[in-house]
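Asker:
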Amino acid sequence: MKKKIAAALAALMCLTAAAGLSSCGDKGGENGEVRVYCFGDYIDTVLIDEFEEETGISVVLDTFDTNEEMYPVISKNSVDYDVICASDYMIEKMIGEGLLAELNKDNLSNLSNIDSKYMEIAADFDPGNKYSVPHTWGTMGIMYNTAEIEKGSITSWNDLWDEKYKDQIVMPDSLRDTIAVALKAKGYSINTMDESELSEAVEYLKEQKPLVYKYANDSARDMVIGGSANIAVVWNGEILYSQDLNPDLDFVIPEEGSEEFLDMWAVPETAKNKENAEAWINFMLEKENAITNYEYLTYSIPNTGVMEMLEGDEDKLQYLFPADEILARCEILKSLGAEGDDMYSSYWKEFKAE
Amino acid sequence: MSRRYFASPFIVWIAAGTVIPLIMIAYYGFTDRSGAFTIENVVSIMGAEHAQALWLALLLALISTAICFVLAFPLALILKDSRLGTKGFMIFIFVLPMWMNFLLRTMAWQVILERGGIINGILTGLGLPALDIINTPAAIVLGMVYDFLPFMVLPIYNTVMKIDNSLIEAAYDLGATKGKVLRSIILPLSVPGIASGITMVFVPALTTFVISNMLGGGKINLIGNIIEQEFTTSSNWNLGSGLSLVMMIFIVLSMALLSRLDKNGEASLI
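Residue numbers (the working numbering), protein chains in the order written: chain A, 1 to 354; chain B, 1 to 270.
Written as structure tokens, this is what we have:
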């Protein structure tokens, strides 16, 4: 009897395991499927239904929170994805490691909708724009409450070191971003490999620590909206959302320039449905769909469709698509290699331990 | 023979869930990025910023464990003594918050303690000075105590309830004072529960990074935060694994110590 039960149990286990595996197999709409791996909450999900209807390709969407979480999944090929969304420096790293497939531009008829300025920025880490296509763009800046702080009085990163703002400042809590603020304040590149510059910036951050109310990323804007702090370093995409809740808030990209990012669509080398992936990217590049995404995210989508729609709305344009001379002072984070990562990491820990 | 079949699912479970991950951590911990053997990752715990984070984590975990014990032990005694039929209900109330996700509860504390939060709203409304503990170690200890208290309450309550009342009565009959009964009868008999309570609070408190992230405002780095960071932003799995191995040593040590205490407690009964 016992043997029978054991055998039955074992059979059951095999069965469930097999079922689990096979269910991951071929499935999909009339034109197959596309497996998308993207940051959480980074597209308007309405578009998924529209895409499925328009193309007959069924969509499987998985999400992640950080580039670092996504990277091992793709590099170790533990799950097959056809299209991913990743940030600039990660795209650079993945191109370098041969993890991405070159895009067939013939399948990307809407590529011309992306503003050429942003394609140039992308060419910085993806020479020739061969492997990736911009989804969103953004830059770091200072959001502050004009009910407490005179409008226009904050113009520089160095204002975040002003004693009179003690306990009112929210700084980012992210190795590269936090250090970038200090590097820019000191006038250095945010990708410096010069240890003396880095050390000077980290000393500067230590000096600032007593003035900081909190180091926070996603909740930074809420601190200012809710009045727990008056100044926060946030991404420009946050300001429109925040102003809706608190009209006194203003945003400035400091005069020294800032860190900018581009989040890109790309196709892994291992993709099984490359053409469907390109159809997905092309769909996202359509003007109307870019507008749908913009309205959902309030982040800059560097698509001429969005720019045309906002024409004349200077308030929004200055936050979302800053003037060329400001853009010229912004820098994209570069992958620094293992040596650079370790150097930044050890200084970061030293700063945190202070 | 059939027994072996029965055990097979568990062997698979242990292999996949414990043994293989442990081997991988040990492998990463004792190699560098290129895969060459090194003990640097483990030794780096001696480095100033790692040692400091470990020390702070140990300190906060000890304080939280002590507070949990001070709260849980009298509660168990009160419940044992009370003649009410509501003991089960009381325990239920203490454990009830565990029905909610741990992250949500911690996040709730963040909102409650925030400068513009509920507590300060009430305090300033009453004209009292504001409570400024958010983003300090005190807030982290509060979070740890709140999150882990049920793990202390349950095992102590269970052992205390099992103590034979006739032993206590006998002690009183023989002229023992209340203090003497507590010290010589109840406390020694509760040691197994206390020991498992301490382990269940101390270990997660020592390794937490979520609570310190949420309530420390990014200003306080515990060893858990450093390990998490090595795996995520710094993408140095080798160093993260090396430090994890050191943490395991501390955990194994504390558990060994406590289980010894546990045995001694039972042995002294005989």
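From the three backbone atoms N, C-alpha and C, an ideal C-beta is built for every residue, glycine too.
Give the interface partners of residue 23 of chain B over in chain A, defined as CB-CB distance under 8 Å, in chain order.
Answerer: What residue 23 of chain B touches in chain A: nothing, since even the nearest Cβ is about 17 Å away.
Asker: Is any non-hydrogen atom of the ligand SAM found closer than 7 Å to the C-beta of residue 215 of chain A, if you look at the structure I gave you?
Answerer: With respect to small molecules bound, the structure shown includes none, and the ligand SAM cannot be examined in it.
Asker: Residues in its own chain within less than 6 Å of residue 191 of chain A by CB, not counting five upstream and five downstream?
Answerer: Only 334 meet the Cβ criterion.
Asker: For residue 201 of chain B, I'd like the list of residues in its chain whose CB is within less than 6 Å of its CB, leaving aside the five on either flank, ordered along the chain.
Answerer: These residues qualify, in order along the chain: 65, 68, 148, 151, 152.
Asker: Spell out the partners DSSP gives residue 145 of chain A in its beta bridges.
Answerer: Looking at the DSSP assignment, residue 145 of chain A forms a beta bridge with A:249.
Asker: Please classify residue 35 of chain B as buried or exposed, where buried requires at least 16 other C-beta atoms within 10 Å of its C-beta.
Answerer: Result: exposed.
Asker: Which same chain residues end up closer than 7 Å to residue 196 of chain A when comparing Cβ atoms and leaving out the 5 residues on each side of it in sequence?
Answerer: None.
Asker: Does the beta carbon of residue 16 of chain B come closer than 8 Å to any beta carbon on chain A?
Answerer: With 8 Å as the cut-off, residue 16 of chain B does not count as an interface residue toward chain A.
Asker: Are any of the Cβ atoms in chain A nearer than 8 Å to that of residue 115 of chain B?
Answerer: Yes, residue 115 of chain B lies at the interface with chain A (some Cβ there is under 8 Å from its Cβ).
Asker: Return the Cβ separation of residue 325 of chain A and residue 189 of chain A in integer angstroms, given the expectation that the two are a contact with Cβ distance under 8 Å.
Answerer: Actually they are not in contact, since the Cβ atoms of residue 325 of chain A and residue 189 of chain A sit about 18 Å apart, beyond 8 Å.
Asker: Would you call the region 198 to 211 of chain A in contact with the region 105 to 117 of chain B, where contact means no fewer than 3 C-beta pairs closer than 8 Å?
Answerer: In short, these stretches do not touch, since the Cβ pair count stays below three.
Asker: By the 10 Å Cβ neighbour count, where 16 or more other Cβ atoms means buried, how is residue 122 of chain B classified, buried or exposed?
Answerer: Looking at its Cβ environment, which holds fewer than 16 other Cβ atoms inside 10 Å, residue 122 of chain B is exposed.
Asker: Beta-carbon within less than 8 Å of residue 91 of chain A's beta-carbon, same chain only, minus the 5 sequence neighbours each way: which residues are those?
Answerer: Closer than 8 Å at Cβ, skipping near neighbours: 100, 125, 126, 131, 132, 264, 266.
Asker: In the structure shown, what three-state DSSP assignment does residue 64 of chain A receive?
Answerer: Here residue 64 of chain A sits in strand by DSSP.
Asker: So the beta strand (DSSP E) residue 264 of chain A belongs to, where does it begin and stop?
Answerer: Here the beta strand (DSSP E) through residue 264 of chain A covers 259 to 266.
Asker: Going by DSSP in three states, residue 223 of chain B sits in which element: helix, strand or coil?
Answerer: Helix at residue 223 of chain B.
Asker: Taking only three categories from DSSP, how would you classify residue 100 of chain B?
Answerer: Note: residue 100 of chain B maps to coil in three-state DSSP.
Asker: Please classify residue 78 of chain B: is it buried, with 16 or more other beta-carbons within 10 angstroms of its beta-carbon, or exposed?
Answerer: Answer is exposed; the Cβ neighbour count stays below 16.
Asker: Establish whether the CB of residue 317 of chain A and some CB of chain B are separated by less than 8 Å.
Answerer: Residue 317 of chain A does not count as touching chain B.
Asker: In the DSSP assignment, the alpha helix (DSSP H) including residue 116 of chain A goes from what residue to what residue?
Answerer: 116 to 123 is the span of the alpha helix (DSSP H), which, as asked, contains residue 116 of chain A.
Asker: Quick check: the Cα distance between residue 252 of chain B and residue 219 of chain B, rounded to an integer number of angstroms?
Answerer: Using only the alpha carbons, I get a separation of about 29 Å.
Asker: Under 7 Å between beta-carbons, which chain B residues line up against residue 342 of chain A? List them in chain order, please.
Answerer: Residues of chain B passing the Cβ test: 236.
Asker: Could you say which of B:258, B:207, B:96 lies nearest to residue 243 of chain B if we only look at CA atoms?
Answerer: Among B:258, B:207, B:96, the Cα nearest to that of residue 243 of chain B belongs to B:207.
Asker: Three-state secondary structure (DSSP) at residue 99 of chain A?
Answerer: Correct three-state label for residue 99 of chain A: coil.
Asker: List the endpoints of the continuous beta strand (DSSP E) containing residue 85 of chain A.
Answerer: Note, residue 85 of chain A: beta strand (DSSP E), 83 to 87.
Asker: What three-state label does DSSP hand residue 256 of chain A in the structure shown?
Answerer: DSSP places residue 256 of chain A in coil when its eight states are reduced to three.
Asker: Is the region 124 to 142 of chain B close to the region 50 to 64 of chain B, with three or more CB pairs under 8 Å?
Answerer: Taking 8 Å as the limit for Cβ pairs, the verdict is that the region 50 to 64 of chain B does touch the region 124 to 142 of chain B.
Asker: With a threshold of 8 Å between beta carbons, is residue 173 of chain A in contact with chain B?
Answerer: Output row for residue 173 of chain A: interface = yes.
Asker: Could one say the Cβ of residue 109 of chain A lies closer than 8 Å to chain B's Cβ atoms, at least one of them?
Answerer: Chain B, which has no Cβ nearer than 8 Å to the Cβ of residue 109 of chain A, makes this no.
Asker: Distance check for residue 119 of chain B and residue 126 of chain B, CA to CA, integer angstroms please.
Answerer: Cα to Cα, the separation comes out at about 11 Å.
Asker: In terms of DSSP beta bridges, what is residue 232 of chain A paired with?
Answerer: DSSP output for residue 232 of chain A lists A:143, A:170 as bridge partner(s).
Asker: Given a limit of 8 Å on CB to CB distance, which residues of the region 34 to 52 of chain B reach chain E?
Answerer: Checking the listed chains, one finds no chain E in this structure; the protein chains it contains are A and B.
Asker: At 4 residues or longer, and completely inside the region 25 to 87 of chain B: list those alpha helix (DSSP H) runs for me, N to C.
Answerer: List check, alpha helix (DSSP H) in window: 40 to 43, 48 to 81.
Asker: Say whether chain A places a C-beta atom closer than 8 Å to the C-beta of residue 165 of chain B.
Answerer: Not closer than 8 Å to any Cβ of chain A, the Cβ of residue 165 of chain B fails to qualify, so no.
Asker: Measuring straight from C-alpha to C-alpha, what distance separates residue 24 of chain B and residue 37 of chain B?
Answerer: So the two alpha carbons sit approximately 14 Å from each other.
Asker: Kindly list, in the order they appear in chain A, the residues whose Cβ is closer than 9 Å to that of residue 121 of chain B.
Answerer: The contacting residues do not exist; residue 121 of chain B stays about 11 Å from chain A at best.
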